[in-house]
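A short worksheet on the structure shown next.
Number of protein chains: 2
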Amino acid sequence: MIIIDYKDTRPIYEQVVERFKTLILKGVIQPDEQMPSVRSLAMELSINPNTIQKAYAELERQGFIYSVKGRGSFVLGDSSLVEQRKKEYVDQILKLVREVLEIGMTKMEIVLEIENLQM
Amino acid sequence: MIIIDYKDTRPIYEQVVERFKTLILKGVIQPDEQMPSVRSLAMELSINPNTIQKAYAELERQGFIYSVKGRGSFVLGDSSLVEQRKKEYVDQILKLVREVLEIGMTKMEIVLEIENLQM
DNA sequence: TTAAGTGTACCACCACAAATAGTACACTTA
DNA sequence: TAAGTGTACTATTTGTGGTGGTACACTTAA
Numbered sequence: 001m002i003i004i005d006y007k008d009t010r011p012i013y014e015q016v017v018e019r020f021k022t023l024i025l026k027g028v029i030q031p032d033e034q035m036p037s038v039r040s041l042a043m044e045l046s047i048n049p050n051t052i053q054k055a056y057a058e059l060e061r062q063g064f065i066y067s068v069k070g071r072g073s074f075v076l077g078d079s080s081l082v083e084q085r086k087k088e089y090v091d092q093i094l095k096l097v098r099e100v101l102e103i104g105m106t107k108m109e110i111v112l113e114i115e116n117l118q119m
Numbered sequence: 120m121i122i123i124d125y126k127d128t129r130p131i132y133e134q135v136v137e138r139f140k141t142l143i144l145k146g147v148i149q150p151d152e153q154m155p156s157v158r159s160l161a162m163e164l165s166i167n168p169n170t171i172q173k174a175y176a177e178l179e180r181q182g183f184i185y186s187v188k189g190r191g192s193f194v195l196g197d198s199s200l201v202e203q204r205k206k207e208y209v210d211q212i213l214k215l216v217r218e219v220l221e222i223g224m225t226k227m228e229i230v231l232e233i234e235n236l237q238m
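Chains A and B are the protein sequences, given in the same order. Residues in the first sequence are numbered from 1 upward in steps of one, following our numbering. Residues in the second sequence are numbered from 120 upward in steps of one, following our numbering.
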């Protein structure tokens, strides 16, 4: 399910985060389904449990999963934190957009900046 | 005019940048006025000229001053400051856009929100 | 109650990047 | 030409990020 590419320059935990995000967004892992445990996945990938822990913490921060001490980590549903956080972000973005429109920028200029944004 | 706080965890050059930005925005240093020279300021603060050079390069990048080899560095006028504020807003917006892309939104969705924004 | 499973916290190590220093070069002006 | 200016290059120091080792805390099932 998860693979690490050592030719990839990105840190391991980041690769894990992205891989799980894809799996969750595509519905391969369903809401409320249990994630592999920190230890078992670390064992499987022959890396340190802390690295998986870091990945899971990031997934939790971004609203994809939640973790319960002693029980495990679980996938959150679409309607939950992710959607909520999207709204919060959009609100913040629009607020800033309003301000920058007031000092003379145009919507088109802003849109162009976003289109050209490199990740 | 400039002071360094060694208890401050931020790097020296960053403190210098911020201090000058404040002074310029408040009008304490006027447009076209000459900045202290790299060497004299470095001497005054007992640090390396390169550190001041780095601060000035950053101030130039942000549109606050301009430098001429052999002549010195000078404060830019109001109109360029507006441009600077635009840049700062755009930077903030793009930062948020990156985050919201991270959690699964698309550029198109964001752009649509902006297009539909009522003032 | 206990054992095995779970997430979490803390510290150490290492590699790499950022910050700063040292020095030399290039330009301008009086 | 000399003294002042910004700039470029390299070396060294410092800080940060990523990972590993280990111990702790909690949950669950036997």
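All C-beta atoms, glycine included, are put in the ideal place defined by N, C-alpha and C. In this text the structure is predicted, and so the values were computed from the model without any measurement.
Which one or two residues does DSSP pair with isoleucine 65 of chain A in a beta bridge?
The bridge partners DSSP lists for isoleucine 65 of chain A are A:Val75.
CA-to-CA distance, proline 155 of chain B to glutamine 237 of chain B, given in whole angstroms
In this structure, the alpha-carbon of glutamine 237 of chain B lies about 46 Å from that of proline 155 of chain B.
By a C-beta neighbour count over all protein chains shown, 10 Å radius and 16 as the cutoff for buried, is leucine 289 of chain B buried or exposed?
No answer is possible for residue 289 of chain B: the residues shown for chain B start at 120 and end at 238.
Taking only beta-carbon positions, decide if isoleucine 93 of chain A is within less than 8 Å of chain B.
At least one chain B Cβ lies under 8 Å of isoleucine 93 of chain A.
I believe leucine 96 of chain A touches tyrosine 208 of chain B by the beta-carbon criterion, under 8 Å. Please report the beta-carbon distance rounded to the nearest angstrom.
Yes, leucine 96 of chain A and tyrosine 208 of chain B are in contact; Cβ-Cβ is about 6 Å, under 8 Å.
Simplified DSSP assignment, three categories, for glutamine 153 of chain B:
For glutamine 153 of chain B, the three-state secondary structure derived from DSSP is strand.
Proximal residues to phenylalanine 193 of chain B (C-beta, below 8 Å), its chain only, five neighbours per side dropped:
For phenylalanine 193 of chain B, same chain residues with a beta-carbon under 8 Å away, outside a window of 5 residues either side, are Asp151, Glu152, Gln153, Met154, Ile184, Tyr185, Ser186, Val187 in chain order.
Could you give the first and the last residue of the continuous alpha helix (DSSP H) run that contains lysine 87 of chain A?
That run of the alpha helix (DSSP H) goes 81-102.
Examine chain B for any beta-carbon lying closer than 8 Å to the beta-carbon of glutamate 60 of chain A, and answer yes or no.
Answer no: the Cβ-Cβ gap between glutamate 60 of chain A and chain B never drops below 8 Å.
Quick one: grab the DSSP three-state call for proline 130 of chain B.
In this structure, DSSP gives proline 130 of chain B a state outside helix and strand, which the three-state scheme calls coil.
For isoleucine 114 of chain A, the first and last residue of its enclosing alpha helix (DSSP H)
Element bounds for isoleucine 114 of chain A: 107-115.
Near glycine 72 of chain A, what residues of its chain come up, given a Cβ to Cβ distance below 8 Å and the 5 sequence neighbours on each side ignored?
Only Gln34, Met35, Ser37 meet the Cβ criterion.
Per-residue DSSP class, three states only, for valine 147 of chain B
In the three-state scheme derived from DSSP, where H, G and I count as helix and E and B as strand, valine 147 of chain B is classed as coil.
Is glutamine 203 of chain B near glycine 182 of chain B, with beta carbons less than 8 Å apart?
It is a contact, given that the beta carbons lie within the stated cut-off.
Chain B beta carbons: is any one of them nearer than 8 Å to that of leucine 76 of chain A?
Not an interface residue.
Just the Cα atoms here: how many angstroms apart are tyrosine 6 of chain A and methionine 162 of chain B?
So the two alpha carbons sit approximately 48 Å from each other.
Less than 7 Å between C-beta atoms, sequence neighbours within five positions excluded: which residues of the same chain meet that for proline 168 of chain B?
For proline 168 of chain B, the CB contacts under 7 Å within the same chain, skipping 5 residues up- and downstream, are Val157, Arg158, Ala161 in chain order.
Listing by chain order, which chain A residues have their CB less than 7 Å from the CB of methionine 162 of chain B?
For the C-beta of methionine 162 of chain B, not a single chain A residue is nearer than 7 Å; the gap to the nearest is close to 39 Å.
Per DSSP, what kind of secondary structure is glutamine 172 of chain B in: helix, strand or coil?
Assignment of glutamine 172 of chain B by DSSP, reduced to helix, strand and coil, places it in the helix class.
Sequence-distant residues of its chain with Cβ nearer than 7 Å to leucine 195 of chain B (five each side left out):
Pro150, Gly182, Phe183, Ile184, Tyr185.
Any beta carbon of chain A sitting closer than 8 Å to that of leucine 236 of chain B?
With 8 Å as the cut-off, leucine 236 of chain B counts as an interface residue toward chain A.
Proximal chain B residues relative to valine 82 of chain A, where beta-carbon distance stays under 7 Å:
The contacting residues are Ile222, Gly223.
Is it true that the CB of isoleucine 52 of chain A sits closer than 8 Å to the CB of valine 16 of chain A?
Against a cut-off of 8 Å, the Cβ pair of isoleucine 52 of chain A and valine 16 of chain A comes out as a contact.
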